[in-house]
Amino acid sequence: MSKEAILEAIKGMSVLELNDLVKAIEEEFGVTAAAPVAAGAVAVAEVEEQTEFDVILLEAGASKINVIKVVREITGLGLKEAKDVVDNAPKAVKEKVAKDEADAVKAKLEEAGAKVEVK
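Heads up, the sequence shown is in my numbering, so the first residue is 156 and it goes up one at a time.
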């Protein structure tokens, strides 16, 4: 039987007959009709959960003095250094800290009137 004759026979089959034929071929030859997948495509890239965050002061807002006080409290900087951080916003206040600490710092700064972003 030629390949063309087999193809012609398959063209005349219904979907149910084709399904039965595929199952029979799989059983007879010990194969599967599933499409082969490259090993690299199967590997799912692990998405690493971010564990370190940066707290960025975007702007001081209306209560600049209160924001400077909070920056001093959070960072331990002197008055001049804390003022420089606030004056040069956007600027990182804390870098590479845990999520909980980043959220706490953000809350303190926002309470003082600053606009803050956690990255």
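Glycine included, every Cβ here is placed at the ideal spot set by N, Cα and C.
**Study point:** Ala259 versus Lys235 - alpha carbon distance
**Key:** 24 Å
Check your understanding: Out of curiosity, what's the CA-to-CA distance linking Glu201 and Ala179?
Key -> Unreliable placement is indicated for Glu201, whose pLDDT of 48 sits below 50; the coordinate value is still reported in the next sentence. Straight-line Cα distance between these residues: approximately 39 Å.
Check your understanding: What is the C-beta distance between Leu264 and Ala244, in whole angstroms, given that I count them as a contact (C-beta under 8 Å)?
Key -> Rounded, the Cβ-Cβ distance is 11 Å, inconsistent with contact.
Check your understanding: Is the beta carbon of Glu214 less than 8 Å from the beta carbon of Lys270?
Key -> yes
Check your understanding: Span of the beta strand (DSSP E) holding Lys251?
Key -> Lys246 to Val252
**Study point:** Exposed unless 16 or more other CB atoms sit within 10 angstroms - verdict on Lys261
**Key:** buried
Point to revise | Where Val186 sits in the DSSP three-state scheme | key: coil
Check your understanding: How many Å lie between Val222 and Lys246 at the Cα?
Key -> 13 Å
Exercise for review: Starting from the Cα of Ser218, find the closest Cα among Gly167, Lys274, Glu272 and Gly268 and give me that residue.
Suggested key: Gly268
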